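Here's the structure, in structure tokens; my notes come after.
In mature numbering (1 follows the signal peptide of the UniProt record, and there is no 0), the protein residues as written are -22 to -1, 1 to 349.
Following this line, the structure appears as structure tokens:
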């Protein structure tokens, strides 16, 4: 009888142990779900020996703000991928993993594939290329220039308006007909890059100063995300008030051709566009921040003085020169589009900084200029 009990106990143990190994890791299907889109890798946590908890590697914020700083992953995957844990996510099951990507002396091209990554200054001066391969379910990449101060463009001579010593060049995006090069003050600006037939999207950063310490936050935007911008828009504003300014403001840049979009609010609202006000360094004068094309004495377009080389349009209203009379538009339920057209020959004074406010809201008196 004792022998039978010992045999039965051994049999039970072997069945339980068999259960613990009967579900190998490879048999658990894991997909990355971003707003319902299936992408291709796993993030998981095991409760040994019977349970596996899977969670999607979505953008996360360790400080519970709207600014996504990392990707929610398992601690093991975060460490294996070269990330840094900056807090908890998914109710403590995962870790908010922050990725800083940079070029190395022997690696001047970096692939960017996580949901949120920071592009940072490398330890060596020169050019660094970040490549964003197209992935299933992804439609756009958003670049937020959290801290980017590059050398300004040439201010005089035959190369006036060109980014000579430092620059960021973007190519391969469907919403850019040609590569776009920017430089100068870019803090708090952003770009949204749409995928098209070209793959991948390329961002080349050329910096001659190692101590520049720029930070560009790159965030993936799935095709069905509420944050997805219209395909032709390089910048996208979604609030009822906004300050819109040219790249490199207050200095002009050559070859700037792109579209800015403003999301509609409730149909029928009236919006007013005006120049941003800014107090000068001596705090003695309230300056108007708009100057596009020609000499400083240029005026607003008219049949006798049309905008020929450089201008912006708000919907169908074209503006250039140094004047910007307030423009009132009505929200018809469709996106407002501001089209920027600066040609290849500038004279050092093309820029704009305009503000939008709803008529029933408190009007903006000043604007954030990033200066």
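Think of the CB as a built atom: it goes at the ideal place given N, C-alpha and C, for glycine as much as any other residue. Owing to the predicted nature of the structure, the values given are computational and were not obtained by experimental measurement.
For this session: Might you give, ordered along the chain, the residues of its own chain that have their beta carbon closer than 6 Å to the beta carbon of residue 198, omitting 5 neighbours on each side?
Result: Looking up residue 198 in the chain shown gives position 220. So the qualifying residues of the chain are 93 and 116.
For this session: Have a look at residue 19 and residue 60 and give me their C-alpha separation to the nearest angstrom.
Result: By 1-based counting over the chain shown, the position of residue 19 is 41. By 1-based counting over the chain shown, the position of residue 60 is 82. With a pLDDT of only 42 at residue 19, under the threshold of 50, the placement of this residue in the model should not be trusted, and no figure is reported.
Problem set entry | Straight-line Cα distance separating residue 105 from residue 140 | In the chain shown, counting from the first residue as 1, residue 140 sits at position 162. In the chain shown, counting from the first residue as 1, residue 105 sits at position 127. When rounded, the distance between both Cα atoms is 17 Å.
Problem set entry | Simplified DSSP assignment, three categories, for residue 126 | Residue numbering aside, residue 126 sits at position 148 when the chain shown is read from its first letter. Looking at residue 126 - three-state DSSP - the assignment turns out to be coil, as it is neither helix nor strand.
Exercise. Mapping DSSP to helix, strand and coil, what is residue 265?
Worked result: Start at 1 with the first residue of the chain shown, and residue 265 comes out as number 287. Its pLDDT being 49, under 50, residue 265 is placed unreliably in this model, and the value from its coordinates should be taken loosely. In this structure, residue 265 counts as strand in the three-state DSSP scheme.
Problem set entry | Three-state class that DSSP yields for residue 190 in the structure shown | Start at 1 with the first residue of the chain shown, and residue 190 comes out as number 212. Here residue 190 sits in helix by DSSP.
For this session: Give me the Cα-Cα distance between residue 231 and residue 238, rounded to the nearest whole angstrom.
Result: Translated into positions along the chain shown, residue 231 becomes position 253. Translated into positions along the chain shown, residue 238 becomes position 260. Taking the straight line joining both Cα atoms gives about 16 Å.
Exercise. From the DSSP output, which residues share a beta bridge with residue 238?
Worked result: By 1-based counting over the chain shown, the position of residue 238 is 260. DSSP, once it has assigned bridges, lists 213 and 316 as partnering residue 238.
Exercise. Cα separation between residue 191 and residue 146?
Worked result: The residue labelled residue 191 in the question sits at position 213 within the chain shown. The residue labelled residue 146 in the question sits at position 168 within the chain shown. Spanning the two alpha carbons is a distance of roughly 14 Å.
Exercise. When you compare only the Cα positions, how much space is there between residue 205 and residue 122?
Worked result: Numbered from 1 along the chain shown, position 227 holds the residue referred to as residue 205. Numbered from 1 along the chain shown, position 144 holds the residue referred to as residue 122. Residue 205 and residue 122: Cα-Cα distance of roughly 14 Å.
Exercise. Applying the criterion that 16 or more other CB atoms from any shown protein chain within 10 Å of the CB defines a buried residue, is residue 295 buried or exposed?
Worked result: The sequence position of residue 295 within the chain shown is 317, counting from 1. That one is exposed.
Problem set entry | Distance CB(residue 319)-CB(residue 241) smaller than 8 Å | Position 341 of the chain shown, counted from the first residue, corresponds to residue 319. Position 263 of the chain shown, counted from the first residue, corresponds to residue 241. Contact: no.
Exercise. In terms of residue numbering, what span does the alpha helix (DSSP H) encompassing residue 254 cover?
Worked result: Here residue 254 refers to the residue found at position 276 when the chain shown is read from its first residue. It is not in any alpha helix (DSSP H) - residue 254 carries neither H nor E in the DSSP assignment.
Exercise. Unbroken beta strand (DSSP E) runs of length 3 or more, entirely within the stretch 57 to 111: which are they?
Worked result: 62 to 67, 72 to 76, 87 to 89, 94 to 98 and 104 to 110
Exercise. Does DSSP classify residue 54 as helix, strand or coil?
Worked result: For the purposes of this step, residue 54 is identified with residue 76 of the chain shown, where counting begins at 1. Three-state result, residue 54: helix.
Exercise. So what's residue 219 in DSSP terms, helix, strand or just coil?
Worked result: Along the chain shown, one-based indexing puts residue 219 at 241. Coil.
For this session: For the beta strand (DSSP E) holding residue 171, just list the boundary residues, first then last.
Result: Position 193 of the chain shown, counting from 1, holds the residue named residue 171. It spans 168 to 172 - the beta strand (DSSP E) in which residue 171 sits, taken as one unbroken run.
Exercise. Between 64, 209, 225 and 298, which lies nearest to residue 162 when the distance is taken from Cα to Cα?
Worked result: On the chain shown, position 184 is the one that residue 162 refers to. Nearest C-alpha to residue 162: 225.
Exercise. For residue 181, which residues from the same chain have a beta carbon less than 6 Å from its beta carbon, with the 5 sequence-adjacent residues on both sides left out?
Worked result: Start at 1 with the first residue of the chain shown, and residue 181 comes out as number 203. Excluding positions up to five away in sequence, the list reads 108 and 148.
Problem set entry | Under the three-state DSSP convention, the category residue 20 falls into | As a working mapping, residue 20 is identified with position 42 in the chain shown. Confidence is the limiting factor: at residue 20 the pLDDT is only 45, short of 50, which leaves the residue's position unreliable, though a coordinate-based value still follows. Residue 20 falls in the coil class under three-state DSSP.
Exercise. For residue 299, does the three-state DSSP call read helix, strand or coil?
Worked result: Here residue 299 corresponds to residue number 321 of the chain shown, with the count starting at 1. Reduced to three states, the DSSP call for residue 299 is strand.
For this session: Can you give me the start and stop residues for the beta strand (DSSP E) that residue 307 sits inside?
Result: On the chain shown, residue 307 is found 329 positions in, with the first residue counted as 1. Per DSSP, residue 307 belongs to the beta strand (DSSP E) from 305 to 308.
Exercise. According to DSSP, is residue 118 helix, strand or coil?
Worked result: Counting from one through the chain shown, the residue named residue 118 turns up at place 140. Of the three classes helix, strand and coil, the one that applies to residue 118 here is strand, per DSSP.
For this session: Using a threshold of 8 Å, state whether the C-beta atoms of residue 290 and residue 253 are closer than that.
Result: On the chain shown, residue 290 is found 312 positions in, with the first residue counted as 1. On the chain shown, residue 253 is found 275 positions in, with the first residue counted as 1. No; because the gap between Cβ atoms is not below 8 Å, this pair is not in contact.
Exercise. If you count every other CB in all the chains shown that lies within 10 Å of the CB of residue 157, and 16 or more means buried, which is it?
Worked result: Along the chain shown, read from residue 1 onward, the residue named residue 157 stands at position 179. The residue is exposed, with fewer than 16 neighbouring Cβ atoms inside 10 Å.
For this session: Quick one: grab the DSSP three-state call for residue 198.
Result: One-based indexing of the chain shown puts residue 198 at position 220. DSSP places residue 198 in strand when its eight states are reduced to three.
Exercise. How many whole angstroms separate the CB atoms of residue 211 and residue 170, which I take to be in contact at a CB cut-off of 8 Å?
Worked result: By one-based count along the chain shown, residue 211 stands at place 233. By one-based count along the chain shown, residue 170 stands at place 192. Rounded, the Cβ-Cβ distance is 6 Å, consistent with contact.
Problem set entry | For residue 204: DSSP bridge partner residues | Position 226 of the chain shown holds residue 204. Bridge partners of residue 204: none, in fact.
Problem set entry | Short Cβ contact (8 Å threshold) for residue 37 with residue 46 | Taking the first residue of the chain shown as position 1, residue 37 is located at position 59. Taking the first residue of the chain shown as position 1, residue 46 is located at position 68. Yes; because the gap between Cβ atoms is below 8 Å, this pair is in contact.
Problem set entry | Proximal residues to residue 81 (C-beta, below 7 Å), its chain only, five neighbours per side dropped | Working through the chain shown from its first residue, we reach residue 81 at position 103. For residue 81, where only same-chain residues beyond five positions count, the Cβ hits under 7 Å are 88, 100 and 106.
Exercise. In whole angstroms, what separates the C-alpha of residue 247 from that of residue 310?
Worked result: The count along the chain shown starts at 1 and reaches residue 247 at position 269. The count along the chain shown starts at 1 and reaches residue 310 at position 332. Looking at the two C-alpha atoms, the distance is approximately 8 Å.
For this session: Pull up the distance between the alpha-carbon of residue 77 and that of residue 67, whole angstroms please.
Result: The residue you call residue 77 lines up with position 99 of the chain shown. The residue you call residue 67 lines up with position 89 of the chain shown. Cα-Cα distance, rounded: 15 Å.
For this session: Please classify residue 37: does DSSP put it in a helix, a strand, or coil?
Result: As a first step, residue 37 is located in the chain shown; it is residue number 59 there, counting from the start. In the structure shown, residue 37 sits in a strand (DSSP, three-state: E or B).
Exercise. Under the rule that 16 or more other beta-carbon atoms within 10 Å means buried, what is residue 223, buried or exposed?
Worked result: Taking the first residue of the chain shown as position 1, residue 223 is located at position 245. The residue in question, residue 223, is buried, as its Cβ has 16 or more Cβ neighbours within 10 Å.
For this session: Measure the beta-carbon distance from residue 293 to residue 315 and round it to whole angstroms, keeping in mind my assumption that it falls under 8 Å.
Result: Counting from one through the chain shown, the residue named residue 293 turns up at place 315. Counting from one through the chain shown, the residue named residue 315 turns up at place 337. 6 Å between Cβ atoms; contact.
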